[in-house]
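*Asks:* Going by my numbering, the sequence shown opens with residue -5, and the numbers climb by one from there. In this text, a Cβ means the ideal position worked out from N, Cα and C, and glycines have one as well.
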Amino acid sequence: MKKVVIIGGGTGNFTVLKGLKNFDLDLSAIVSMADDGGSTGILRDELGVLPPGDVRQCLVALSNSSRLMRSLMNYRFENGNLGGHSFGNLLLSALEKVTGSFETAVEEMGKIMYIKGKVIPVTTNQTRLKMVLRNRKLLEGEKEVYLSKEIDKGYHSIYLEPYPKANQQALYEIKHADLVILGPGGLHTSLIPNLLVDGIATALLNSQAKKVFIANLMNRKGQTTEFSVSSYVSELTRFIGKDVFDYIIVNKQHPPKELIDIYSEEGTLVRNDLKESRVIEANLLGELKEQPKADLIKRNLIRHDPDKLAQELVKIVNHL
């Protein structure tokens, strides 16, 4: 059975894992620990726990439990003192407190949810993402970086503080992988934070695994304004130390104009400017389900289809 490692955070990891779960693969998700927004941020600050949100999404993606159980883990309280918190985040944080270990908490929640594969925090050290912009403004925390509209004007540095050591399990998974997948996901908030952890970039450089980068569908205005596929690869290469990607998966399907118009204030489509043999172009867009206009969430309109993405990744696996 081929060993496939997915590195990222949040929705990107969820999408890849959800599709690959249906194939006979040994899956491991290495998850960023830089998240500090919303429910996750409150739990970090008030309880001193590691961020549960991205890990919860990966556990749900890999879960073979009932639809009800998966819905329960994603259920978000709407009001009262628990307003904004998801049940899964609360459960993970409680398990960390009871067991004294975030890793153990993740393992136990994995058993509860009958997951296929492993979910591994990239580090078990408490750390915060920080960025110094060209104008010397300091962005403190993943949330501030995510919300910034100035990053595309240039930044001096992006780093984690305190500087965290990589989880040894994460290093082991990368070393023994047949395939390592990076992306899709927020460049500065989901992908680069993993590479900033001490040991991860070196592990990628030394791993004999084939490496895949899945390009984002959309740019984020103010952060990756007008970025092309090569822009993403160049930025990731800065932090890895070398362009390690054997394959680059790019969507070639064009969304309807009305969706592009809806997104226009937030960003543009990522343009593929690479004409290399390692680039795999495919129709990867998910279908837009009919729903009331008032319920449309912009970030969910143009998205990868987990099954289409998985099919392209499995083709690569089958050639290893």
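1. Who are Phe207's beta bridge partners in DSSP?
2. If you run the structure through DSSP and keep just helix, strand and coil, what is Tyr157?
3. Can you pull the DSSP bridge partners for Lys(-3)?
4. Mind checking who Gly31 pairs with in its DSSP beta bridge?
5. Name the residue from Gly3, Lys169, Tyr226 and Thr121 whose alpha carbon lies nearest to the alpha carbon of Pro198.
6. Just checking, does the region 223 to 231 make contact with the region 156 to 168 on the three C-beta pairs under 8 angstroms criterion?
7. Drop a sphere of 10 angstroms on the beta-carbon of Val92, count the other beta-carbons inside from all chains shown, and report buried for 16 or more, exposed for fewer.
8. Quick check: the region 170 to 184 against the region 66 to 80, are there 3 or more CB pairs under 8 angstroms?
9. Would Lys110 be called buried (16 or more neighbouring beta carbons within 10 Å of its own) or exposed?
10. Which residue's Cα is closest to the Cα of Val126: Gly148, Thr9, Arg214 and Ser224?
11. Taking Lys143 as the reference, which of Ile243, Ser87, Asn266 and Thr219 has the closest Cα?
12. Could you please give the first and the last residue of the uninterrupted alpha helix (DSSP H) stretch that includes Met67?
13. Out of curiosity, what's the CA-to-CA distance linking Asn58 and Tyr108?
14. Do you know offhand how far Lys105's Cα is from Asp48's?
15. Please report the distance separating the alpha-carbon of Phe221 from that of Gly135.
16. Our contact map puts Pro46 next to Ser87 with C-beta atoms below 8 angstroms; I'd like the distance itself, whole angstroms only.
17. Cβ of Ile186 within 8 angstroms of Cβ of Ile208?
18. What does DSSP give as the partner residue(s) for Lys112 in the beta ladder?
19. Tell me which residue opens and which closes the beta strand (DSSP E) that Arg272 is part of.
20. Hey, quick one: how far does the beta strand (DSSP E) through Arg122 stretch, first residue to last?
21. Assuming the contact rule is C-beta atoms closer than 8 angstroms, Val54 and Val116 should be a hit. Round their C-beta distance to whole Å, please.
22. Based on Cα-Cα distance, which residue from Thr9, Phe239 and Glu101 lies nearest to Ser271?
23. Going straight from the alpha carbon of Thr98 to that of Gly77, what length do you get?
24. Are the Cβ atoms of Phe71 and Val308 separated by less than 8 angstroms?
25. Do you know whose CA, among Pro300, Gln247 and Val206, lies nearest Val273's CA?
26. Got a sec? Which residues, its chain only, sit under 8 angstroms from Asp172 by beta carbon, not counting five neighbours each side?
27. Just how far apart, CA to CA, sit Lys287 and Leu295?
28. Helix, strand or coil for Ser80? Go by DSSP, reduced to three states.
29. Distance check for Asp267 and Ser26, CA to CA, integer angstroms please.
30. Under DSSP, the beta strand (DSSP E) around Leu132 begins and ends at which residues?
31. Mapping the DSSP letters down to three states, classify Gly104 as helix, strand or coil.
32. Suppose the cutoff is 8 angstroms on Cβ atoms and the five residues either side in sequence are ignored; what does the same chain contact list for Asn277 look like?
33. Would DSSP call Ser201 helix, strand or coil?
*Replies:* In short, the structure shows the following:
1. Numbered from 1 along the sequence shown, position 213 holds the residue referred to as residue 207. For Phe207, which the question treats as bridged, DSSP gives the partners Leu176 and Ile242.
2. By 1-based counting over the sequence shown, the position of residue 157 is 163. Coil.
3. Looking up residue -3 in the sequence shown gives position 3. As computed with DSSP, Lys(-3) is found in a beta bridge with Asp20.
4. Against the sequence shown, residue 31 aligns to sequence position 37. Answer is none; Gly31 lacks a bridge partner.
5. Residue 198 sits at position 204 when you count from the first residue of the sequence shown. Reading off the sequence, residue 198 comes out as Leu, not Pro. Shortest Cα-Cα distance from Leu198 to any of Gly3, Lys169, Tyr226 and Thr121 involves Lys169.
6. At 8 angstroms Cβ cutoff, the stretches do not touch.
7. Taking the sequence shown and counting its residues from 1, the one referred to as residue 92 is at position 98. Burial state of Val92 is exposed, judged by a 10 Å Cβ sphere holding fewer than 16 other Cβ atoms.
8. Result no; under three Cβ-Cβ pairs closer than 8 angstroms.
9. Along the sequence shown, one-based indexing puts residue 110 at 116. It counts as buried.
10. The count along the sequence shown starts at 1 and reaches residue 126 at position 132. Checked all of Gly148, Thr9, Arg214 and Ser224; the closest Cα to Val126 is Gly148.
11. In the sequence shown, the residue the question calls residue 143 occupies position 149. Ranking the options by Cα distance to Lys143, first place goes to Thr219.
12. As a first step, residue 67 must be located in the sequence shown, where it is residue number 73. Per DSSP, the unbroken alpha helix (DSSP H) holding Met67 starts and ends at Arg61 to Asn68.
13. Position 64 of the sequence shown, counted from the first residue, corresponds to residue 58. Position 114 of the sequence shown, counted from the first residue, corresponds to residue 108. Each residue's CA atom was taken as its position, placing Asn58 and Tyr108 some 5 angstroms apart.
14. By 1-based counting over the sequence shown, the position of residue 105 is 111. By 1-based counting over the sequence shown, the position of residue 48 is 54. Their Cα atoms are separated by approximately 18 angstroms.
15. Position 227 of the sequence shown, counted from the first residue, corresponds to residue 221. Position 141 of the sequence shown, counted from the first residue, corresponds to residue 135. The straight-line gap separating the alpha-carbon atoms of Phe221 and Gly135 is approximately 23 angstroms.
16. In the sequence shown, the residue the question calls residue 46 occupies position 52. In the sequence shown, the residue the question calls residue 87 occupies position 93. Between Pro46 and Ser87 a beta carbon distance of about 6 angstroms is seen, short of the 8 angstroms cut, so the two are scored as contacting.
17. Within the sequence shown, residue 186 is the residue found at index 192, counting from 1. Within the sequence shown, residue 208 is the residue found at index 214, counting from 1. Going by C-beta atoms, Ile186 is not nearer than 8 angstroms to Ile208.
18. Sequence index remark: in the sequence shown, residue 112 carries index 118 (1-based). The beta-bridge partner set that DSSP reports for Lys112 consists of Ser22.
19. As a first step, residue 272 must be located in the sequence shown, where it is residue number 278. No beta strand (DSSP E) contains Arg272, which DSSP labels as neither H nor E.
20. For the purposes of this step, residue 122 is taken as the residue at position 128 of the sequence shown. Per DSSP, Arg122 belongs to the beta strand (DSSP E) from Arg122 to Leu127.
21. Along the sequence shown, one-based indexing puts residue 54 at 60. Along the sequence shown, one-based indexing puts residue 116 at 122. The Cβ separation is near 19 angstroms, so there is no contact.
22. Position 277 of the sequence shown, counting from 1, holds the residue named residue 271. Taking only the C-alpha atoms, the option nearest Ser271 is Phe239.
23. Residue mapping note: residue 98 aligns to position 104 of the sequence shown, counting from 1. Residue mapping note: residue 77 aligns to position 83 of the sequence shown, counting from 1. So the alpha carbons of these two residues sit roughly 27 angstroms apart.
24. Indexing the sequence shown from 1 puts residue 71 at position 77. Indexing the sequence shown from 1 puts residue 308 at position 314. The answer is no: Cβ separation not under 8 angstroms.
25. Numbered from 1 along the sequence shown, position 279 holds the residue referred to as residue 273. If you compare the alpha carbons of Pro300, Gln247 and Val206 with that of Val273, the shortest gap goes to Val206.
26. Taking the first residue of the sequence shown as position 1, residue 172 is located at position 178. Answer for Asp172: Lys(-4), Lys(-3), Val(-2), Ala203, Lys204, Val311 and Leu314, listed in chain order.
27. Stepping through the sequence shown from its first residue, residue 287 is reached at position 293. Stepping through the sequence shown from its first residue, residue 295 is reached at position 301. At Lys287 the pLDDT is 44, less than 50, meaning the model places this residue with poor confidence; the figure from the coordinates comes in the next sentence. Rounded to whole angstroms, Lys287 to Leu295 spans 11 angstroms at the Cα level.
28. If you number the sequence shown from 1, residue 80 lands on position 86. Strand.
29. Your numbering for residue 26 matches position 32 in the sequence shown. Your numbering for residue 267 matches position 273 in the sequence shown. Across the structure, Ser26 and Asp267 are spaced so that their CA atoms are roughly 28 angstroms apart.
30. Position 138 of the sequence shown, counting from 1, holds the residue named residue 132. Start and end: Leu132 to Glu134.
31. What you label residue 104 is simply residue 110 of the sequence shown in a count that begins at 1. Here Gly104 carries a helix assignment [DSSP, helix/strand/coil].
32. As a first step, residue 277 must be located in the sequence shown, where it is residue number 283. Around Asn277: Asn245, Lys246, Gln247 and Lys302.
33. Numbered from its first residue, the sequence shown carries residue 201 at position 207. DSSP places Ser201 in coil when its eight states are reduced to three.
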